[in-house]
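Residue numbers (mature numbering (1 follows the signal peptide of the UniProt record, and there is no 0)): -30 to -1, 1 to 296.
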């Protein structure tokens, strides 16, 4: 009798897991994203794709690329243990649907915003497409469409091209030197966006290829913030942040350095504008400060967001352009 009771209790304990297994399998098939090829990773009940995610964490983008190349309609759903399901796509029609025609239906969500809040704050890339997003988009669109700023962008890019990028590449060719082309283009983009956003030249593309403190801290802050999405659970990185250990300790230091840099730039720019009221300030930061409508934290968050947008997207696009055309 005791053995029967033990077996019954054991079965009842595992009954919820059995039900979850069938519900998960049914849901996955209903969504049409279950693997149809041996080349696609198989999700498991409860843990989803976490084994695959962990084993490919050091080659995440290569792994995702291989999945999309084999997935129907170049779209696949990843089920992590923590957070919501992730839909990855390389289908232009779907990208247009999400980012343009039905953009208002898609939000970042609390998991995304929480993970990136330390570095991006309430900047345009970390707020949902509500009033705050529309407000930031409106003022940014207005500023970037002014003739003076567009002219300033042309001058900044032309100067960086003629005085740094082209001479550097010419010297590399003359010396038959091997260079990390993507790193060079990242430096080129970083100098440009800092000039446009802050009115500050980090001189990151000098011939000596210096390790600028702001650039290093910015890289660390973005990389460590992205690593939060790779944790087994959101509770893991939150616990590390609470205890101030490991990657969260390093992230805290990096974010502090980025914010301190931005704070100093804002303070110096305010002093410059006070000392030279007639000074024609045409960088993005100066325009926000001159208007007097925004507090320092708002200005800091939006300028950091533009630095992120202008640096990685530009360098990645240029790298692929040269890779495909050469």
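Ideal Cβ placement from N, Cα and C applies to all residues, glycine included. Treat the numbers as computed from the prediction; the structure is a model and nothing was measured.
Item                                                                                                                              : Value
Short Cβ contact (8 Å threshold) for residue 81 with residue 99                                                                   : no
Three-state class that DSSP yields for residue 283 in the structure shown                                                         : helix
Residue 104, buried or exposed, once every other Cβ within 10 Å from all chains shown has been counted against 16                 : exposed
Beta-carbon contacts of residue 252 that lie in its chain and below 7 Å, excluding the five residues immediately before and after : 118, 119, 122
Bridge partner(s) assigned by DSSP for residue 47                                                                                 : 57
Alpha carbon of residue 284 to alpha carbon of residue 130, nearest angstrom                                                      : 14 Å
Inside the segment 76 to 127 only - alpha helix (DSSP H) runs reaching at least 4 residues                                        : 79 to 90, 101 to 114
Assigned secondary structure, residue -16 (DSSP; H/G/I helix, E/B strand, else coil)                                              : Unreliable positioning characterises residue -16 in this predicted model, as indicated by a pLDDT of 43, which lies under 50. A coordinate reading is not provided.
Helix, strand or coil at residue 216 [DSSP, three-state]                                                                          : helix
Supposed close pair residue 275, residue 93 - CB separation, criterion 8 Å                                                        : 3 Å
Pairwise C-alpha distance: residue 245 and residue 197                                                                            : 43 Å
Residue environment, residue 193, which counts as buried when at least 16 other CB atoms sit within 10 Å                          : exposed
Residue span of the alpha helix (DSSP H) that contains residue 173, given as start and end                                        : Counting along the chain, residue 173 falls outside any alpha helix (DSSP H), and DSSP gives it neither H nor E.
Extent of the continuous alpha helix (DSSP H) to which residue 35 belongs                                                         : 30 to 40
Cα-Cα separation, residue 41 to residue 254                                                                                       : 42 Å
Residue range of the alpha helix (DSSP H) that includes residue 22                                                                : 20 to 25
Residue 267 to residue 203 span [Cα, whole Å]                                                                                     : 30 Å
Opening and closing residue of the alpha helix (DSSP H) in which residue 260 lies                                                 : 254 to 261
Presumed contact (8 Å Cβ cut-off) between residue 159 and residue 280, rounded CB distance                                        : 6 Å
Buried versus exposed call for residue 76 [16 or more other C-beta atoms within 10 Å across all chains shown]                     : exposed
Expected contact under 8 Å - CB spacing of residue 50 and residue 23 to nearest Å                                                 : 6 Å
Bridge partners - residue 14, DSSP secondary structure assignment                                                                 : 18
Own chain residues within Cβ distance below 8 Å of residue -11, not counting five before or after                                 : With a pLDDT of only 46 at residue -11, under 50, the local geometry of the prediction cannot be trusted, and the value read off the model is given with reservation. These residues qualify, in order along the chain: 15, 16.
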